[in-house]
Amino acid sequence: MAKFGAAALIRRKLRRYAVEIYRLYLNKFWGMHIAEGCAISLSSKLDKAHPDGVWIGKDTAVSFGAAILTHDYVRRMHLKTIIGERCQIGAHSIIFPGVKIGDGCIISAGSVVMRDIPDGCLAGGNPARVMEKGIVTGQWGLILSRASADAAAAAAAAPPAASTPADAA
1 MAKFGAAALI RRKLRRYAVE IYRLYLNKFW GMHIAEGCAI SLSSKLDKAH PDGVWIGKDT
61 AVSFGAAILT HDYVRRMHLK TIIGERCQIG AHSIIFPGVK IGDGCIISAG SVVMRDIPDG
121 CLAGGNPARV MEKGIVTGQW GLILSRASAD AAAAAAAAPP AASTPADAA
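83 is the number that our numbering gives to position 83 of the sequence shown; each next residue is one higher, with no gaps.
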């Protein structure tokens with residue numbers, strides 16, 4: 001193995017350990033509920049005013065600068081903010097208190113999520129709205145398949161329907 005390859009392998013393993021240590025720190029010290037396999041950026045902001053309200057499912061990634069809020073000081077609300085399994089929260093997104101993001105969702109960068117997002121959706125914008133449904137994601141929200149793309153490919157591959165004189169009668 002080349003020197004560059006060995007260094008990259010070591011760096012990758014060290015990063016995985018650092019991410020896991022950070023996850024354990026958030027769970028044990030702050031009392032958050034972050035499942036195994038999550039990748040939480042060190043620059044993301046998880047609400048520590050009500051840390052028990054942060055729930056993040058298995059194999060989810062929270063990108064840099066994203067904010068997950070669980071309380072509203074003005075209204076004196078402390079709510080659970082739940083993010084499902086295999087999700088991707090884009091850079092600089094804001095997830096408001098009390099929002100539930102379903103399993104296998106992708107939130108695009110810079111989105112402001114104020115309402116619940118159902119399973120298997122791609123959402124984005126300010127305020128965030130569902131832009132695509134029926135996506136299937138793997139670890140950290142990587143897209144495995146899209147229902148709309150799969151349906152279009154199946155329609156293109158299907159042979160055209162044959163018309164016969166008997167059909168006209």
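Even glycine gets a Cβ: it sits at the ideal position worked out from N, Cα and C. Here the structure is a predicted model, which means the values were calculated and not measured.
The alpha-carbon of P97 is positioned some 13 Å away from that of K45. In this structure the segment 124-144 touches the segment 73-88; the number of beta carbon pairs closer than 8 Å is three or more.
DSSP, reduced to helix, strand and coil, places D72 within a strand of the structure shown. Cβ contact annotation for M131 (same chain, cutoff 7 Å, sequence separation greater than five): L122, A123, G124, in chain order. Setting aside the 5 residues that flank it on each side, W30 is surrounded in the same chain by K48, P51, each with a C-beta closer than 7 Å to its C-beta; the list follows chain order. By the criterion of a C-beta distance shorter than 7 Å, S43 is surrounded in its chain by F64, G65, once the five residues flanking it on both sides are discounted.
Assignment of V112 by DSSP, reduced to helix, strand and coil, places it in the strand class.
For E132, the enclosing beta strand (DSSP E) stretches over residues 129-133. Going by DSSP, C121 is part of the beta strand (DSSP E) stretching over 121-124.
Here M77 is exposed: its Cβ has fewer than 16 other Cβ atoms, across all protein chains shown, within 10 Å.
Setting aside the 5 residues that flank it on each side, E36 is surrounded in the same chain by K58, each with a C-beta closer than 7 Å to its C-beta; the list follows chain order. The criterion of a C-beta distance shorter than 8 Å is satisfied by D119 and G102. Rounded to the nearest angstrom, the gap between the Cα atoms of L79 and G5 is 46 Å.
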